[in-house]
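**Q** Before anything else, here's the structure in question.
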Amino acid sequence: MILHVVVLACFLACVSASSNFTTYEGTAFYNLFVLYAYMSITIMVLRIRKLIFGGDVPAFTWMEIEIPPNRD
């Protein structure tokens, strides 16, 4: 559950950071580099966590998130 909250927070930070950039003419655009940087940091943290603590950590890639099955 905590992992889902962290991923959601990172995603919202990415969207908010990437949508605040504007060109000199005033037209808004999305800075994909910022989004990619935040996603890379998230992936790196998850991989380090898996190396240190072991266990099952969902695999995060650029366009795919592996969601664990519901255990209810």
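For the sequence shown, the residue numbers in mature numbering (1 follows the signal peptide of the UniProt record, and there is no 0) are -17 to -1, 1 to 55. Ideal Cβ positions, reconstructed from N, Cα and C, are used throughout, including at glycine.
CB-CB under 6 Å to ILE35, same chain, minus the five flanking residues each way: which ones, in chain order?
**A** none
**Q** Going straight from the alpha carbon of MET22 to that of GLY37, what length do you get?
**A** 21 Å
**Q** Please report the straight-line C-alpha distance between LYS33 and ALA(-5), rounded to a whole angstrom.
**A** Spanning the two alpha carbons is a distance of roughly 23 Å.
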